[in-house]
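K.L.:
I have a structure here, written as C-alpha coordinates, and I will follow up with some questions on it.
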Amino acid sequence: MRNLIKTLIVITALLFGNAACSAEVGKDYKLLNPAQPTSTKKIEVLEFFFYECSHCYHLHPLLAAWEKTMPKDVEITYVPTIFRDSTTPLALTYYALESMGKIKQLDDAIYQGIHVQNAELYDLDSIASFVAKQGVDRAKFTAAYNSFAMQSKVVRAKQMIRSYGISGTPTLVVDGKYVITGLLPADAIRVLDEVIALARKEHSKKK
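Numbered by mature numbering (1 follows the signal peptide of the UniProt record, and there is no 0), the letters in the sequence shown go through residues -22 to -1, 1 to 185 in order.
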(Lines of atoms letter the chains of each structure in order from A and count residues from 1; the text may use other names and numbers.)
(Lines give C-alpha, C1' and ligand atoms only; values in the text may rest on other atoms or scores of the structure.)
Protein backbone atom coordinates (compact mmCIF):
# COMPACT_ATOMS: atom_id res chain seq x y z
CA MET A 1 0.00 0.00 0.00
CA ARG A 2 2.82 2.36 0.93
CA ASN A 3 4.59 1.57 -2.34
CA LEU A 4 1.39 2.33 -4.24
CA ILE A 5 1.02 5.67 -2.48
CA LYS A 6 4.65 6.54 -3.23
CA THR A 7 4.13 5.61 -6.86
CA LEU A 8 1.03 7.79 -7.09
CA ILE A 9 2.89 10.70 -5.49
CA VAL A 10 5.75 10.39 -7.99
CA ILE A 11 3.36 10.17 -10.95
CA THR A 12 1.40 13.18 -9.70
CA ALA A 13 4.59 15.18 -9.21
CA LEU A 14 5.75 14.34 -12.71
CA LEU A 15 2.43 15.27 -14.24
CA PHE A 16 2.22 18.59 -12.42
CA GLY A 17 5.91 19.22 -13.00
CA ASN A 18 5.52 18.78 -16.74
CA ALA A 19 2.45 20.98 -16.73
CA ALA A 20 4.30 23.70 -14.86
CA CYS A 21 7.12 23.58 -17.40
CA SER A 22 4.88 23.80 -20.46
CA ALA A 23 5.04 27.31 -21.91
CA GLU A 24 1.77 28.43 -23.48
CA VAL A 25 1.49 30.81 -26.40
CA GLY A 26 -0.62 33.81 -25.44
CA LYS A 27 0.17 33.30 -21.77
CA ASP A 28 3.91 32.82 -21.36
CA TYR A 29 4.97 34.14 -24.75
CA LYS A 30 3.46 35.56 -27.90
CA LEU A 31 4.25 35.12 -31.58
CA LEU A 32 5.55 38.13 -33.47
CA ASN A 33 3.73 38.78 -36.71
CA PRO A 34 5.43 39.32 -39.01
CA ALA A 35 8.50 37.51 -37.72
CA GLN A 36 11.74 39.45 -38.03
CA PRO A 37 14.87 38.23 -39.86
CA THR A 38 17.73 37.06 -37.66
CA SER A 39 21.41 37.94 -38.01
CA THR A 40 22.88 34.52 -37.21
CA LYS A 41 22.51 30.89 -38.27
CA LYS A 42 22.27 29.98 -34.60
CA ILE A 43 19.13 30.36 -32.50
CA GLU A 44 19.05 34.08 -31.84
CA VAL A 45 18.06 35.52 -28.46
CA LEU A 46 17.60 39.27 -28.09
CA GLU A 47 17.13 41.06 -24.81
CA PHE A 48 15.66 44.54 -25.09
CA PHE A 49 16.60 46.22 -21.83
CA PHE A 50 16.90 49.57 -20.07
CA TYR A 51 19.38 50.17 -17.27
CA GLU A 52 16.87 52.20 -15.23
CA CYS A 53 14.22 49.46 -15.44
CA SER A 54 13.87 47.68 -12.09
CA HIS A 55 12.59 44.52 -13.79
CA CYS A 56 15.70 44.47 -16.01
CA TYR A 57 17.81 44.89 -12.88
CA HIS A 58 16.25 41.79 -11.32
CA LEU A 59 16.45 39.72 -14.51
CA HIS A 60 20.05 40.70 -15.25
CA PRO A 61 21.88 38.35 -12.83
CA LEU A 62 19.75 35.38 -13.88
CA LEU A 63 20.23 36.07 -17.57
CA ALA A 64 23.97 36.64 -17.09
CA ALA A 65 24.25 33.29 -15.31
CA TRP A 66 22.14 31.63 -18.02
CA GLU A 67 24.39 33.06 -20.75
CA LYS A 68 27.44 31.38 -19.22
CA THR A 69 25.86 27.94 -19.69
CA MET A 70 23.64 28.53 -22.71
CA PRO A 71 23.68 25.89 -25.47
CA LYS A 72 26.33 26.23 -28.18
CA ASP A 73 23.67 26.63 -30.87
CA VAL A 74 22.34 29.79 -29.21
CA GLU A 75 23.60 33.36 -29.58
CA ILE A 76 22.44 36.26 -27.39
CA THR A 77 22.48 39.96 -28.24
CA TYR A 78 21.54 42.81 -25.91
CA VAL A 79 19.65 45.80 -27.30
CA PRO A 80 19.37 48.94 -25.13
CA THR A 81 15.98 50.56 -25.56
CA ILE A 82 15.46 54.22 -26.37
CA PHE A 83 11.85 55.21 -25.80
CA ARG A 84 12.68 58.91 -25.44
CA ASP A 85 15.67 61.13 -26.21
CA SER A 86 16.68 61.40 -22.55
CA THR A 87 17.49 57.67 -22.50
CA THR A 88 19.94 57.86 -25.40
CA PRO A 89 23.01 58.45 -23.16
CA LEU A 90 22.61 55.07 -21.44
CA ALA A 91 22.22 53.33 -24.81
CA LEU A 92 25.39 55.04 -26.06
CA THR A 93 27.08 53.97 -22.83
CA TYR A 94 26.26 50.33 -23.47
CA TYR A 95 27.56 50.40 -27.03
CA ALA A 96 30.68 52.40 -26.13
CA LEU A 97 31.62 49.95 -23.37
CA GLU A 98 30.83 47.01 -25.63
CA SER A 99 33.16 48.39 -28.32
CA MET A 100 35.90 48.74 -25.69
CA GLY A 101 35.44 45.16 -24.47
CA LYS A 102 34.37 46.46 -21.06
CA ILE A 103 30.65 45.78 -20.99
CA LYS A 104 30.81 42.50 -19.05
CA GLN A 105 32.99 44.22 -16.47
CA LEU A 106 30.70 47.26 -16.14
CA ASP A 107 27.17 45.88 -16.63
CA ASP A 108 26.70 44.96 -12.97
CA ALA A 109 28.25 48.23 -11.82
CA ILE A 110 25.84 50.32 -13.90
CA TYR A 111 22.78 48.43 -12.63
CA GLN A 112 24.05 48.64 -9.05
CA GLY A 113 24.93 52.29 -9.45
CA ILE A 114 21.44 53.21 -10.59
CA HIS A 115 19.33 50.90 -8.42
CA VAL A 116 21.40 50.64 -5.24
CA GLN A 117 23.62 53.71 -5.10
CA ASN A 118 21.07 56.06 -6.72
CA ALA A 119 23.71 57.32 -9.15
CA GLU A 120 22.40 59.92 -11.58
CA LEU A 121 23.68 58.79 -14.96
CA TYR A 122 21.89 61.16 -17.28
CA ASP A 123 24.57 62.63 -19.55
CA LEU A 124 28.06 62.02 -20.88
CA ASP A 125 29.81 63.91 -18.09
CA SER A 126 28.13 62.04 -15.22
CA ILE A 127 28.47 58.69 -16.98
CA ALA A 128 32.12 59.25 -17.92
CA SER A 129 32.91 60.11 -14.29
CA PHE A 130 31.11 56.97 -13.13
CA VAL A 131 32.86 54.55 -15.50
CA ALA A 132 36.22 56.19 -14.79
CA LYS A 133 35.75 55.28 -11.12
CA GLN A 134 35.30 51.68 -12.31
CA GLY A 135 38.73 51.75 -13.97
CA VAL A 136 37.74 52.69 -17.52
CA ASP A 137 39.87 55.24 -19.36
CA ARG A 138 37.70 58.37 -19.45
CA ALA A 139 39.18 59.79 -22.67
CA LYS A 140 38.81 56.51 -24.58
CA PHE A 141 35.26 56.07 -23.32
CA THR A 142 34.32 59.61 -24.32
CA ALA A 143 35.78 59.11 -27.80
CA ALA A 144 33.85 55.87 -28.26
CA TYR A 145 30.65 57.42 -26.88
CA ASN A 146 30.83 60.33 -29.34
CA SER A 147 31.84 58.23 -32.35
CA PHE A 148 29.75 57.88 -35.49
CA ALA A 149 29.80 54.09 -35.07
CA MET A 150 28.01 54.30 -31.71
CA GLN A 151 25.49 56.80 -33.07
CA SER A 152 24.77 54.36 -35.90
CA LYS A 153 24.19 51.54 -33.43
CA VAL A 154 21.66 53.67 -31.55
CA VAL A 155 19.84 54.38 -34.82
CA ARG A 156 19.78 50.64 -35.52
CA ALA A 157 18.47 49.92 -32.00
CA LYS A 158 15.62 52.40 -32.53
CA GLN A 159 14.74 50.68 -35.81
CA MET A 160 14.68 47.29 -34.10
CA ILE A 161 12.48 48.59 -31.28
CA ARG A 162 9.94 49.73 -33.87
CA SER A 163 10.19 46.57 -36.01
CA TYR A 164 9.77 44.25 -33.03
CA GLY A 165 7.00 46.36 -31.50
CA ILE A 166 8.82 46.67 -28.18
CA SER A 167 6.73 48.62 -25.68
CA GLY A 168 8.31 47.59 -22.37
CA THR A 169 11.38 46.06 -20.80
CA PRO A 170 12.76 43.54 -20.31
CA THR A 171 11.61 41.78 -23.46
CA LEU A 172 13.23 38.61 -24.78
CA VAL A 173 12.81 37.66 -28.43
CA VAL A 174 13.85 34.25 -29.74
CA ASP A 175 14.57 33.74 -33.44
CA GLY A 176 12.71 36.91 -34.39
CA LYS A 177 9.44 35.20 -33.59
CA TYR A 178 8.87 34.25 -29.95
CA VAL A 179 8.37 37.19 -27.57
CA ILE A 180 8.70 36.81 -23.79
CA THR A 181 7.75 39.74 -21.58
CA GLY A 182 5.90 40.56 -18.37
CA LEU A 183 7.06 37.46 -16.46
CA LEU A 184 8.91 37.11 -13.19
CA PRO A 185 12.67 36.68 -13.75
CA ALA A 186 12.79 32.94 -12.96
CA ASP A 187 9.73 32.29 -15.13
CA ALA A 188 11.25 34.28 -17.99
CA ILE A 189 14.36 32.07 -17.93
CA ARG A 190 12.23 28.91 -17.78
CA VAL A 191 10.11 29.99 -20.74
CA LEU A 192 13.24 31.10 -22.60
CA ASP A 193 14.63 27.56 -22.41
CA GLU A 194 11.36 26.07 -23.58
CA VAL A 195 10.96 28.49 -26.47
CA ILE A 196 14.55 27.82 -27.55
CA ALA A 197 13.62 24.13 -27.71
CA LEU A 198 10.75 25.03 -30.05
CA ALA A 199 13.07 27.11 -32.20
CA ARG A 200 15.59 24.26 -32.29
CA LYS A 201 12.93 21.92 -33.69
CA GLU A 202 12.18 24.45 -36.42
CA HIS A 203 15.88 24.73 -37.25
CA SER A 204 16.21 20.95 -37.54
CA LYS A 205 13.31 20.83 -40.02
CA LYS A 206 15.10 23.31 -42.28
CA LYS A 207 18.25 21.17 -42.52
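Every residue gets a Cβ at the ideal spot worked out from N, C-alpha and C, and that includes glycine.
Quick check on this structure: which residue in L37, G154, Q129, T65 has the alpha carbon closest to the alpha carbon of N11?
P.N.:
In the sequence shown, counting from the first residue as 1, residue 11 sits at position 33. The candidate whose alpha carbon is nearest that of N11 is G154.
K.L.:
Cβ atoms of A166 and L37: under 8 Å apart, would you say?
P.N.:
By 1-based counting over the sequence shown, the position of residue 37 is 59. By 1-based counting over the sequence shown, the position of residue 166 is 188. Yes, the Cβ-Cβ distance between L37 and A166 is below 8 Å.
K.L.:
For T66, collect the residues of the same chain with a Cβ closer than 7 Å to its Cβ; drop the 5 residues on either side in sequence, then sort them by chain order.
P.N.:
Sequence index remark: in the sequence shown, residue 66 carries index 88 (1-based). Excluding positions up to five away in sequence, the list reads I60, V132.
K.L.:
Apply the 10 Å Cβ neighbour rule to P15 and answer buried if 16 or more other Cβ atoms are within range, or exposed otherwise.
P.N.:
On the sequence shown, residue 15 is found 37 positions in, with the first residue counted as 1. Label assigned to P15: exposed.
K.L.:
Whose C-beta lies closer than 7 Å to the C-beta of K20 among residues of the same chain, with five residues either side of it excluded?
P.N.:
Counting from one through the sequence shown, the residue named residue 20 turns up at place 42. Excluding positions up to five away in sequence, the list reads D51, V52, E53.
K.L.:
Indicate, with yes or no, if the ligand MG has a heavy atom lying under 7 Å from the CB of P12.
P.N.:
This structure lacks the ligand MG, and indeed carries no ligand of any kind.
K.L.:
Please tell me whether L161 and D6 are closer than 8 Å, where the distance is taken between their beta carbons.
P.N.:
The sequence position of residue 161 within the sequence shown is 183, counting from 1. The sequence position of residue 6 within the sequence shown is 28, counting from 1. Yes.
K.L.:
Do you know offhand how far G143's Cα is from Q129's?
P.N.:
Position 165 of the sequence shown, counting from 1, holds the residue named residue 143. Position 151 of the sequence shown, counting from 1, holds the residue named residue 129. About 21 Å.
K.L.:
Could you work out which residue in D101, A87, L102 is closest to Q95 when comparing CA atoms only?
P.N.:
One-based indexing of the sequence shown puts residue 95 at position 117. Residue A87 is the option with its Cα nearest to Q95.
K.L.:
At which residues does the beta strand (DSSP E) containing E76 begin and terminate?
P.N.:
What you label residue 76 is simply residue 98 of the sequence shown in a count that begins at 1. No beta strand (DSSP E) holds E76; the alpha helix (DSSP H) holding it covers 66 to 77.
K.L.:
Give the list of continuous alpha helix (DSSP H) stretches no shorter than 4 residues that lie fully inside the stretch 87 to 160.
P.N.:
Counting whole runs of 4 or more residues, the stretch 87 to 160 contains the alpha helix (DSSP H) stretches 102 to 111, 116 to 123, 126 to 141.
K.L.:
Considering just the uninterrupted stretch of the alpha helix (DSSP H) at L24, what are its terminal residues?
P.N.:
By 1-based counting over the sequence shown, the position of residue 24 is 46. That residue, L24, is in no alpha helix (DSSP H); its beta strand (DSSP E) goes 21 to 27.
K.L.:
Along the beta strand (DSSP E) that carries L58, what are the first and last residues, could you check?
P.N.:
Walking along the sequence shown from the start, residue 58 turns up at place 80. Checking the sequence shown, residue 58 turns out to be Pro, not Leu. Taken as a continuous stretch (DSSP letters only), the beta strand (DSSP E) holding P58 covers 52 to 58.
K.L.:
Using 10 angstroms around the beta-carbon of G79, count the other beta-carbons present and answer buried if the total reaches 16, otherwise exposed.
P.N.:
On the sequence shown, residue 79 is found 101 positions in, with the first residue counted as 1. Exposed: under 16 other Cβ atoms inside 10 Å.
K.L.:
Just how far apart, CA to CA, sit E30 and Y56?
P.N.:
Position 52 of the sequence shown, counting from 1, holds the residue named residue 30. Position 78 of the sequence shown, counting from 1, holds the residue named residue 56. In a straight line, the C-alpha of E30 is about 15 Å away from that of Y56.
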